[in-house]
Amino acid sequence: MRKILIGAGILVTLVVGAAVFLLSSLDTIVKKVIEDVGTQVTGVKVSVGAVKISLSEGKGSISGLSVANPPGFSSDPAIKLGEITLALDTGSLNKNPVVVKDITVASPFVAYEMAAGGSNIDAIQKNVKAFSAKQGGGAKAEPAKPAGKDEEKKLVIERLAITGGQVKLAAGGIPGADGTAKLADIVLTNIGKDGGGASSAQVAQKVMDSLVSGALKSASSFGNLLGGVGDKAKALVPGDAGGAIKGLLGK
């Protein structure tokens, strides 16, 4: 369960990064930024349905954001996010850091699929780790400097909420190994405030840590559902799918 929403956490970070362009970019440009960078980070196709931006009010919404499954899994999306709403401090848009007053992600949905060799989320997580290693994602925050044309924008996020999340477990060919669990709502505050702003990579780490904690609180639902399925899985499916289920249960 620790790995279920790593991809979702990265996508939320990409949305935050795209918000920096709200003042000077059109809806189609923001949409392309999220899709292109999201695909780079996750190693699978990221799609966005629509982006609507009000430059004068410093508000935006993003809908239909989905992450495709890696090769070897179903054609359904691995991750789907509900509508994402953004509210920015318009007075900070030309400064560094940019202050994001609120980000709300409604009803994220994760399809956790089992197959020989592991799960779809395992595969996406490996892609994300490889990308983060190349980008040096673990760097410490540095004090903010006056904004320049080529300087990376830092972010301060006053409130980020992820609500109404669900995870669907699907293990084809294993009786009783399908089900859905709710994820506890997550609310983060003052991200990047103490360091003069946070980079997108630092925001990603903060979001991922919180999503992991939320997923762990929901793990008991799958544990009750699956019971002894993990012990029988290897006899029912080839490869490592059975081991993946046992790993999900912590057994």
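For reference, each letter of the sequence shown is one residue, going 238 to 488 in this note's numbering.
Where is the CB? At the ideal position from N, CA and C, for every residue including glycine.
Rounded separation between residue i and residue j - CA only
i, j, result
"residue 381", "residue 418", "At residue 381 the pLDDT is 46, less than 50, meaning the model places this residue with poor confidence and gives no usable figure here."
"residue 327", "residue 320", "21 Å"
"residue 301", "residue 433", "32 Å"
"residue 341", "residue 407", "27 Å"
"residue 390", "residue 331", "10 Å"
"residue 281", "residue 348", "15 Å"
"residue 370", "residue 363", "11 Å"
"residue 313", "residue 354", "19 Å"
"residue 403", "residue 275", "21 Å"
"residue 297", "residue 291", "6 Å"
"residue 492", "residue 269", "Here the chain comprises residues numbered 238 to 488, so residue 492 is not present and cannot be evaluated."
"residue 431", "residue 396", "14 Å"
"residue 329", "residue 365", "30 Å"
"residue 436", "residue 303", "23 Å"
"residue 444", "residue 388", "23 Å"
"residue 392", "residue 295", "15 Å"
Contact check, residue i vs residue j, beta carbons under 9 Å
i, j, result
"residue 339", "residue 323", "yes"
"residue 440", "residue 428", "yes"
"residue 305", "residue 284", "yes"
"residue 337", "residue 394", "yes"
"residue 405", "residue 368", "no"
"residue 420", "residue 398", "no"
"residue 279", "residue 325", "no"
Bridge partner(s) assigned by DSSP for residue i
i, result
"residue 492", "It is not possible to answer for residue 492, since the shown part of the chain is limited to 238 through 488."
"residue 416", "406"
"residue 324", "296, 339"
"residue 423", "399"
"residue 266", "According to DSSP, residue 266 bridges with nothing at all."
"residue 316", "304, 347"
"residue 355", "352"
"residue 490", "There is no way to answer for residue 490, as the model of the chain reaches only from 238 to 488."
Cβ separation of residue i and residue j, assumed to be a contact under 8 Å, to the nearest whole Å
i, j, result
"residue 273", "residue 289", "No, residue 273 and residue 289 are not in contact; Cβ-Cβ is about 19 Å, not under 8 Å."
"residue 356", "residue 350", "6 Å"
"residue 309", "residue 352", "6 Å"
"residue 266", "residue 307", "Incorrect: roughly 28 Å between the Cβ atoms, too far for contact."
Near the ligand HEM: residue i beta-carbon under 8 Å from a heavy atom
i, result
"residue 421", "Inclusion of the ligand HEM in the displayed structure is not the case, the ligand content being empty and no account of it being possible."
Status (buried if at least 16 other CB within 10 Å, exposed otherwise) for residue i
i, result
"residue 334", "buried"
"residue 359", "buried"
"residue 287", "exposed"
"residue 311", "exposed"
"residue 401", "exposed"
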